[in-house]
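Those protein sequence lines, which keep their order, are chains S and X. Residue numbers for the first sequence follow the working numbering, so the first one is 1 and each next one is one higher. Residue numbers for the second sequence follow the working numbering, so the first one is 1 and each next one is one higher. Every residue gets a Cβ at the ideal spot worked out from N, C-alpha and C, and that includes glycine. Note that this is a predicted model, so its numbers are computed, not measured. To start, the structure under review is shown below, and the notes come after it.
Number of protein chains: 2
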Amino acid sequence: MVDALTNTMSDFVDRLSDVETREELQNVFERTVYDLGFSCFTYHMVKVVGIGTRLPLVMTTYPKQWENRYFEQNYMTIDPVLEACFHRSLPYSWDEVVDPGALTKEQKEFFIEAGDFKLKNGISVPINGYKGEFALMTMVTDGTEKEAKKTIEEHRHTAHLLTMYYHNHASSMVVGEALKRYTPALTRREKEVLSWVANGKTTWEISEILSIGETTTLTHIENAKKKLNAPSRTQAVVKAIYQGLIDA
Amino acid sequence: MVDALTNTMSDFVDRLSDVETREELQNVFERTVYDLGFSCFTYHMVKVVGIGTRLPLVMTTYPKQWENRYFEQNYMTIDPVLEACFHRSLPYSWDEVVDPGALTKEQKEFFIEAGDFKLKNGISVPINGYKGEFALMTMVTDGTEKEAKKTIEEHRHTAHLLTMYYHNHASSMVVGEALKRYTPALTRREKEVLSWVANGKTTWEISEILSIGETTTLTHIENAKKKLNAPSRTQAVVKAIYQGLIDA
DNA sequence: GCGTCTCTCCTAAGAAATTAGGAGATTGTA
DNA sequence: TACAATCTCCTAATTTCTTAGGAGAGACGC
């Protein structure tokens with residue numbers, strides 16, 4: 001006997017194998033979660049590829065009007081569902097993280113407005129990925145309160161798994177090449193030297209450790225700084241870490 | 001109709017709520033995966049809490065003799081199953097990542113030896129957590145080749161989900177307090193100043209940005225360095241980032 | 001009210017990093 | 001073979017960081 005979740009997952013993974021563009025990915029996911037009872041979804045991913053350099057990826061089937069409104073009104077600063085993802089690593093339904101009694105006036109208005117777009121119930125799945133990669137998938141159910149609860153509870157695990165496979169695909173599809181544009185190639189020595197800088201060593205100490213000249217060490221650090229476009233060694237190290245060039 | 005996965009997960013989450021010690025967690029998980037057909041498991045987690053400061057957590061029901069052997073022989077350097085976790089973010093069975101034709105002589109001996117301990121087939125689940133937290137859960141099936149394949153394919157998703165809930169629990173249980181021992185409390189200003197250092201600013205620039213004196217800025221940086229036990233600003237920044245004190 | 005913590009500001013010498021040049025030796029590749 | 005990239009080493013002036021002190025003002029909790 002094969003259960004519903006396994007079926008859904010097999011189908012999804014099968015379809016994923018043919019997916020090559022963002023649109024295809026979005027469509028495949030939309031159809032899959034629609035069959036589970038979710039009317040729309042939104043996927044936000046950011047990857048930190050350097051200080052102040054974040055690679056964002058948004059895929060959504062939310063009403064455009066609401067998306068605009070959300071952005072214009074800076075709702076991300078008051079949205080409790082979004083706030084929750086920073087403290088949680090497992091899926092959560094909206095009613096788990098929204099306490100009607102503790103809402104501010106603005107938040108109440110926010111939810112009323114969201115309700116006008118049939119965004120009343122949903123489940124969110126936070127995802128931690130590699131090296132500064134973070135994503136949040138939110139799926140909406142627009143039935144009655146009771147139906148929504150049922151859909152969410154029934155498909156919590158499916159939603160969780162689907163999101164992870166979705167993220168995996170989105171990540172490898174988009175982040176891969178994009179990263180190359182941001183990530184300069186450091187030489188072996190440059191990385192090596194930079195790692196020691198990250199560990200608090202001075203130029204002289206590093207030259208002793210690596211048994212090379214002090215000026216040589218200096219040259220490597222300066223070259224790394226130039227490649228990373230960093231005015232100080234500190235920023236060079238931070239950038240190198242965020243870009244996965246060194247491990248510290 | 002409630003499927004097997006949902007049942008297993010409900011039971012597991014239920015049992016988790018009473019778990020308070022590592023032993024209890026281990027026992028609950030062992031029983032759960034045993035019912036699925038897995039004979040033993042091993043969970044390795046590391047959290048980077050600073051440069052060269054890693055918080056490891058190991059929970060295992062592997063044969064002690066094999067554990068010792070693995071450690072003594074430095075098998076972690078040749079184990080292909082372990083190697084795979086660095087490149088994958090979804091569960092994988094051992095046969096997916098082990099190519100019998102491409103094994104070195106040492107690796108062949110390694111697998112023969114593992115086989116003597118009935119460690120021939122299994123599934124591994126890599127987990128990315130918050131801020132430098134990484135874990136690998138491996139579950140072993142010791143039946144015939146055919147039974148093993150069936151167990152793994154049948155329970156891939158269950159194993160995946162169980163591992164995430166397990167990790168979530170283990171992480172909050174262990175990392176929480178332990179982190180406090182390693183993470184000093186930086187003041188608002190110290191974090192603020194350190195963030196600007198991470199962004200490549202000099203002391204003078206930061207004092208201009210924050211409209212405070214240069215010596216004040218210097219004081220904050222020096223205090224942060226002392227708290228973080230870092231000999232250079234660079235290391236202070238790196239430590240602060242790894243410990244989640246600043247975002248850069 | 002009193003102690004603790006935080007934020008603010010100060011001096012001054014010595015150590016380290018930054019800047020902008022150039023140049024020879026080795027290695028891998030077209 | 002010739003070109004490109006990497007690793008190695010050099011000078012020297014200027015800027016920035018590091019170190020070790022001290023001290024007053026305001027906020028907070030006991």
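Leaving aside the five residues that flank S:Val98 on each side, the residues in its chain whose CB is nearer than 6 Å to its CB run, in chain order, Pro80. Chain S places no beta carbon closer than 7 Å to that of X:Ser207, leaving this residue out of the contacts.
Between S:Thr151 and S:Gly37, the CB-CB gap stays under 7 Å.
Residues of the region 3 to 18 of chain X with a Cβ closer than 8 Å to any Cβ of chain S, in chain order: Asp3, Ala4, Leu5, Thr6 and Met9. In the structure shown, S:Val33 falls within a helical segment according to DSSP collapsed to helix, strand and coil. The DSSP assignment places no complete beta strand (DSSP E) segment of no fewer than 3 residues inside the region 65 to 103 of chain X. In this structure, S:Arg156 is the residue among S:Ala236, S:Arg156, S:Asp247 and S:Ile206 with its C-alpha nearest to the C-alpha of X:Met9. An exposed status is given to S:Gly115, since fewer than 16 other beta-carbon atoms sit within 10 Å of its beta-carbon. In chain X, no part has a C-beta under 9 Å from the C-beta of S:Gln243; the shortest such distance is about 12 Å. When rounded, the separation of the alpha-carbon atoms in S:His167 and S:Ala135 is 8 Å. The contact set of S:Thr61 on chain X, defined by CB atoms closer than 8 Å, is empty, because the minimum CB distance reaches about 24 Å.
For X:Met139, the closest C-alpha among the options X:Asn223, X:His160 and X:Thr21 is that of X:His160. Along the region 31 to 46 of chain S, none of the residues has a CB nearer than 7 Å to a CB of chain X.
With respect to X:Asp3, S:Asp3 sits close: the two C-beta atoms are nearer than 7 Å. When the five nearest sequence neighbours on each side are left out, the beta carbons in the same chain lying within less than 7 Å of the beta carbon of X:Leu16 are those of Val28, Tyr165 and His169, in order along the chain. Flagged as an interface residue toward chain X: S:Asn168, by a C-beta distance shorter than 7 Å. For X:Val19, the secondary structure class from DSSP, reduced to helix, strand or coil, is coil. For S:Tyr182, none of the residues of chain X pass the 7 Å Cβ criterion, the least Cβ distance being about 15 Å.
Counting C-beta pairs with one atom in each stretch, the region 62 to 70 of chain X and the region 102 to 119 of chain X have three or more that are closer than 8 Å, which means they touch. Nearest Cα to X:Gly213 within the set X:Asn199, X:Arg189, X:Leu228 and X:Gln235: X:Arg189. As the crow flies, the alpha-carbon of S:Leu5 is around 11 Å from that of X:Glu154.
When C-beta atoms of the region 83 to 95 of chain S are compared with those of the region 119 to 126 of chain S, three or more pairs fall below 8 Å, so the two segments count as touching. Shown here for S:Gly132: same chain residues with a beta carbon closer than 7 Å to its own, the five before and five after excluded, namely Lys47, Val48 and Tyr242 in chain order. If you draw a straight line from the Cα of S:Thr141 to the Cα of X:Ala236, it is about 46 Å long.
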